[in-house]
Amino acid sequence: MSHIYLGCHLSVSNGFQKMAEEAISLGANVFQFFSRNPRGSKAKAIDPDDAKRFNELRKAHDFGPPLAHAPYTLNPAAKEERIRDFAAMAMSDDLVRLSNFPGTMYNFHPGSHVGQGVDAGIELIAALLNQLITADNKTTILLEGMGGKGSEIGSRFEELRRIIDRTNHNEYIGVCLDTCHLYDAGYDIKSDLDGVLDEFDAVVGLSRLKAIHLNDSKNVRGSHKDRHEKIGQGELGLEAILNVMRHPKLRHLPFYLETPNEPDGYKEEIALLRAHLS
Ligand code: FE
Ligand code: FE
Ligand code: ZN
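What follows is the structure in structure tokens.
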């Protein structure tokens, strides 16, 4: 297989240029990073010089789209208004800062309805998106498909569809599928990847699919636990992950590892996957 965008989650704490250099040293040509500290509210201002050097590196090394991941602590579907307002504030600030990086995508967990029910949760998520997406929006916003832990919304393709349908400017909305989450949600990507992709296409539409998180899973199909495992050491196994990467309907997408690894471990996984795909 000729060209593939493969990388991993990295820390942005030393700036964007350093993050791109680290990606290159790991054999990656894409990467994901947290848009802000998962616990803190204050995001670091973006240094325009750093942004410029980063954008030059991106071009020179033919990087795929950087993926900013919103803190998983945000809950746009929360019951308490204060928690929803915080999510709205953080996400709108993220989108302003990300406008320095054309082509970056912004991924978020749709949220947990915490007992209000799926319908109410979906309305709240769509309301937030309608507030966030302005006419001059530049960033593709991705709903991440979830494993269905607790009251998480977005573990069924139908729920992602309903959020998209309720969003006015949904031309800016895409989906990120996570192999661990899919399996956890009950989708059998190990034995019937074609069937799962047909179902996704029928419900959401494959043209919405913009990114894949590559993770093995510590748990069996349908567990709803969301415990990522290193590639080849979980219930999915190496072959299932390779089948995802090789699939004609998926192989053009950027793949981001979120396995429990330090940079050295990511380097090994990237090398292992690239060796099998070449
Ligand atoms: Fe995620
Ligand atoms: Fe993920
Ligand atoms: Zn996860």
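Note that our numbering has the sequence shown beginning at 5, numbered continuously upward. Note that beta-carbon positions come from the ideal geometry of N, C-alpha and C, so glycine has one too.
Length of the line joining the Cα atoms of residue i and residue j
{"i": "N172", "j": "P114", "result": "16 Å"}
{"i": "G151", "j": "K229", "result": "7 Å"}
{"i": "V207", "j": "D198", "result": "14 Å"}
{"i": "N104", "j": "L277", "result": "32 Å"}
{"i": "L261", "j": "A72", "result": "13 Å"}
{"i": "L78", "j": "R86", "result": "11 Å"}
{"i": "D54", "j": "Q21", "result": "6 Å"}
{"i": "P70", "j": "R225", "result": "29 Å"}
{"i": "S17", "j": "I50", "result": "11 Å"}
Residue i in three-state terms, based on DSSP
{"i": "M109", "result": "strand"}
{"i": "F90", "result": "helix"}
{"i": "E266", "result": "coil"}
{"i": "I145", "result": "strand"}
{"i": "G241", "result": "helix"}
{"i": "Y260", "result": "strand"}
{"i": "H185", "result": "helix"}
Chain B contact for residue i (CB, 8 Å cutoff)
{"i": "D220", "result": "The chain labelled as chain B is not found in the depicted structure, where only one protein chain is given."}
Ligand 2 heavy atom lying under 7 Å from the CB of residue i
{"i": "E148", "result": "yes"}
{"i": "D182", "result": "yes"}
{"i": "H117", "result": "no"}
Check: residue i C-beta below 7 Å from any heavy atom of ligand 3
{"i": "D230", "result": "yes"}
{"i": "D220", "result": "no"}
{"i": "H280", "result": "no"}
{"i": "H73", "result": "no"}
Contact under 8 Å by Cβ, residue i with residue j
{"i": "R88", "j": "L146", "result": "no"}
{"i": "I216", "j": "L257", "result": "yes"}
{"i": "I177", "j": "L133", "result": "yes"}
{"i": "V179", "j": "K214", "result": "yes"}
beta-carbon residue i near ligand 1 non-hydrogen atom, thresh 7 Å
{"i": "Y76", "result": "yes"}
{"i": "H13", "result": "no"}
{"i": "H7", "result": "no"}
{"i": "H173", "result": "no"}
Inset, instruction - Count the CB pairs spanning the stretch 219-226 and the stretch 33-42 that are closer than 8 Å, and state whether there are at least three. - result: no
Inset, instruction - Tell me, please, whether the stretch 60-69 touches the stretch 93-101 by the rule of three or more beta-carbon pairs shorter than 8 Å. - result: no
Legend entry - Cβ contact check for the stretch 179-197 and the stretch 236-249: 3 or more pairs under 8 Å: Short answer: they touch.
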